[in-house]
Amino acid sequence: MKVPWTGIWSGFTTLSALQAFPDLLGSPALPFTNCRASSQSNYIETNGVYVGLIVIFLAGLGAFASIARRSLLGWFFVGVVVAWVAVYHDLLGLWSALTHLPLVGLLLPTRSCQVVVFALSVLAAVGVDALLPASAPGGLPRSRGSGGLDDGPS
Amino acid sequence: MATNAPDVAANSTVQRILATEIVWLTTLLVLALACVLWLAQTASTSESGHRLLLPQLALVILIFGQTGWLLRDFNPSIDPRHFYPLTPALKEI
């Protein structure tokens, strides 16, 4: 099966449709699998970065809230996601340049999905937290910035 | 089990499975957006922990539905005929 989007938006958006619907190329839990049709070699490398659209939406909310709150934690994980995307997709030749460093050339970006999955999960939690009032159980105090998205007490 | 056939996407069973999954994931996304609105609405009108808990719990369930639930039929065990293959040579012995 030919993957139509690989030829159109190669690089940054390659296989991005799998972020929404991870089993488009099948899975080990289904009666068919055809992950070799992607540029990766197996299901884990093809879909290891999948977290679901809900988490991505909440992570976006969390990134927005982090910027609004000027939260160091949020900024750190936004930076992790941006850095991972740049390395994974070799934007501006970043990964190619890094591989000239000792030992770095031995690493495989396709096996680093846990990094971005963890960062997105934390950002999603920050996004949910931004919806809660500061006095709610688990709600973080709005120490700096605009006080989050809910205009609650700061 | 796995059929790496080139025309796998043309198979009607595959199309049915994919259509079901696309509807399932899209429905969960819509429900999650409704949950986020519900949470924001509840948070703006009430600071009671119990009232805030319900939409958060619903979000957790919906997120599991989009991720872990997809692998509900995944059986990582290996078929004995692959783990203990009986080759013709072994059969002769």
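Those protein sequences? They're chains Z and Y, same order as listed.
Mapping the first sequence onto this note's numbering, position 131 (from 1) lands on 131, and the numbers just tick up by one.
Mapping the second sequence onto this note's numbering, position 29 (from 1) lands on 1029, and the numbers just tick up by one.
Every residue gets a Cβ at the ideal spot worked out from N, C-alpha and C, and that includes glycine.
With residue 1074 of chain Y as the anchor, note down where its alpha helix (DSSP H) starts and where it stops.
Here residue 1074 of chain Y belongs to no alpha helix (DSSP H), and DSSP marks it neither H nor E.
Ordered along the chain, which non-local residues of its own chain (more than five positions away) have a Cβ less than 7 Å from that of residue 1024 of chain Y?
none
So is residue 1022 of chain Y in contact with chain Z if we call contact Cβ pairs under 7 Å?
yes
Rounded separation between residue 1090 of chain Y and residue 1078 of chain Y - CA only:
20 Å
Could you tell me which uninterrupted alpha helix (DSSP H) segments, each at least 4 residues in length, are contained entirely in the segment 86-113 of chain Z, listed from first to last along the chain?
94-98
Hey, out of Z:73, Z:31, Z:94, Z:19, whose CA is closest to residue 52 of chain Z's CA?
Z:19
If you count every other CB in all the chains shown that lies within 10 Å of the CB of residue 77 of chain Z, and 16 or more means buried, which is it?
buried
Quick one: Cα of residue 1031 of chain Y to Cα of residue 114 of chain Z, how far?
27 Å
Below 8 Å on the Cβ atoms is my contact criterion, and I expect residue 127 of chain Z with residue 59 of chain Z to pass it. Report the Cβ-Cβ distance as a whole number of Å.
6 Å
Can you tell me whether residue 32 of chain Z is buried or exposed? The criterion is at least 16 other CB atoms within 10 Å of its CB, across all chains shown.
buried
CB-CB length for residue 54 of chain Z against residue 1029 of chain Y, believed under 8 Å:
6 Å
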